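S.K.:
Residue numbers (this note's numbering): 261 to 497.
Dropping the structure here:
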């Protein structure tokens, strides 16, 4: 397994957000974590990226490396784990091109960086049209494209995404997931948390259901789509 999480426990002050969850993601997979608001989905991703601390005894490994010994920036630059956070967190006062360039701060492969930037602009043609525009003036959908493109430029052995469909119109939502499929096809492993459970389970190969900081169900995404409890709780059926 490329990413292994065991007994991951996270607390905010005295409030437990994650109660020792365990899951894994294999190389080349698309895996989703679904659950209600407040279930701990974003907390899980932030713990993997080392944006928040985990409780002693938690285990997070990537290709056998102990992630917990790395700082947040080294998770990206050394391990190649890129994070598309909820809310996008782009630099609004920089241009589209500058945002993409800044994501390469730790890379030395200049020729490949040029190729990767061209690939991002080919994948998201609207970004190419706005490459010299300030990112803060982009539409919500365009900003999400930029956030994904920036993550692709930064490392991309595995890309973890927090609510990539949030705020997107239905057609843009589908376009975004088609772009993510293409990124995955080229070799990037994808782990995402997503409020739109139906879309996520149609996109992913495997899924985990998170409730109140606990994983209560896991399996093939196709099986979860037809599971009566999942349908009742998350699919509006």
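Ideal Cβ positions, reconstructed from N, Cα and C, are used throughout, including at glycine.
It should be emphasised that the depicted structure is a prediction, and the values quoted were computed from it without experimental measurement.
1) Would you say residue 343 and residue 411 are within 8 Å of each other, going by their C-beta atoms?
2) So the candidates are 427, 443, 452, 368; which of them puts its Cα closest to the Cα of residue 400?
3) Taking the alpha-carbon of residue 340 as reference, which of 417, 453, 295 has the nearest alpha-carbon?
4) Here's the rule: buried if 16 or more other CB atoms are within 10 angstroms of the residue's CB, otherwise exposed. What is residue 365?
5) If you run the structure through DSSP and keep just helix, strand and coil, what is residue 381?
6) Runs of 4 residues minimum, wholly inside the stretch 385 to 464: which ones carry the alpha helix (DSSP H) assignment?
7) Given this structure, state the Cα-to-Cα distance separating residue 384 from residue 405, to the nearest angstrom.
8) Which of the three DSSP states, helix, strand or coil, is assigned to residue 480?
9) According to the neighbour-count rule (16 or more other Cβ atoms, all chains shown, within 10 Å of its Cβ), is residue 431 buried or exposed?
10) Can the beta-carbon of residue 293 be found less than 8 Å from the beta-carbon of residue 301?
11) Could you spell out where the beta strand (DSSP E) holding residue 269 opens and where it closes?
M.R.: Put simply:
1) yes
2) 427
3) 417
4) exposed
5) helix
6) 385 to 389, 400 to 414, 430 to 445, 457 to 463
7) 7 Å
8) strand
9) exposed
10) Yes.
11) 263 to 272
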